[in-house]
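Colleague: Pasting a structure here, questions to come.
In the working numbering, the protein residues as written are 26 to 204.
Put into structure tokens, the structure is as follows:
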């Protein structure tokens, strides 16, 4: 739910920084950020925050089929930030993250919305049982003593399915050249 205070702060920020464009983003099922660029006036008049931004869900891989593809991106004003490297007056931009809703559905996020959808449902279920969930990030890192970082690559053609479907693989070390 969008609070009036958060909405007011976001709109004031857009006006104060003379923002022209807002990158309205969401993360798809595969973890890739999707972006819809909307004129800032749609946010300043409040309609984009309150009603959301309609889009075709069939154009996002893994979302919907063409006959049930109407979806709405509802931006969260608490996530709005100015993009600092857009200094040209004509290109001044901000970015906001939102949740995905069915166009003719409920007030809850769509099942294709990956931004905390499972966690939000788990919290609601836990609250119904009388529990309170506490969450936090797990900070983790690895130290390698024998890896040459100049030989690390992100191989787009490695597929866990042997070439079928998505072709995303983890970073790997390039083998030494036999030459």
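Virtual Cβ for every residue (Gly too), placed ideally from N, Cα, C.
What's the gap between the Cα of residue 151 and the Cα of residue 159?
Modeller: 11 Å
Colleague: Take the Cβ of residue 28 as the centre, count every other Cβ of all protein chains shown within 10 Å, and call the residue buried at 16 or more, exposed below.
Modeller: Result: exposed.
Colleague: For residue 122, tell me which candidate among 52, 162, 39, 37 has the shortest Cα-Cα distance.
Modeller: Closest option to residue 122, judged by alpha-carbon separation, among 52, 162, 39, 37: 52.
Colleague: Does the region 112-119 come close enough to the region 92-101 that 3 or more CB-CB pairs lie under 8 Å?
Modeller: Contact between the region 92-101 and the region 112-119 is not established, with fewer than three Cβ pairs separated by less than 8 Å.
Colleague: State yes or no: is the C-beta of residue 79 within less than 8 Å of the C-beta of residue 89?
Modeller: no
Colleague: What does a CB cutoff of less than 7 Å around residue 85 pick up in its chain, not counting 5 residues either side in sequence?
Modeller: Cβ within range, chain order: 53, 59.
Colleague: In the DSSP assignment, what residue or residues form a beta bridge with residue 129?
Modeller: BP columns for residue 129 are empty, so no partner.
Colleague: Is the beta carbon of residue 98 sitting closer than 8 Å to the one on residue 69?
Modeller: no
Colleague: Here's a check: name, in chain order, each residue in its chain whose Cβ is nearer than 7 Å to the Cβ of residue 108, leaving out the five neighbours to either side.
Modeller: 118, 119, 120
Colleague: Using 8 Å as the threshold, is the C-beta distance between residue 49 and residue 100 below it?
Modeller: yes
Colleague: Closest to residue 64 by CA distance: which of 165, 76, 44, 36 is it?
Modeller: 44
Colleague: Can you tell me whether residue 113 is helix, strand or coil according to DSSP?
Modeller: coil
Colleague: Between 75, 87, 38, which has its C-alpha nearest residue 56's C-alpha?
Modeller: Looking at the Cα atoms, 87 is the closest of the given residues.
Colleague: Taking Cβ to Cβ, would you say residue 46 is nearer than 8 Å to residue 62?
Modeller: yes
Colleague: Can you check whether the C-beta of residue 76 is within less than 8 Å of a C-beta belonging to chain C?
Modeller: No chain C appears in the structure shown, which is made up of a single protein chain.
Colleague: Is residue 181 buried or exposed, if buried means 16 or more other CB atoms sit within 10 Å of its CB?
Modeller: The pLDDT assigned to residue 181 is 48, lower than 50, so where the model puts this residue is not dependable, and the model offers no usable value.
Colleague: Apart from the five residues on each side of it in sequence, which residues of its chain come closer than 8 Å, Cβ to Cβ, to residue 40?
Modeller: These residues qualify, in order along the chain: 69.
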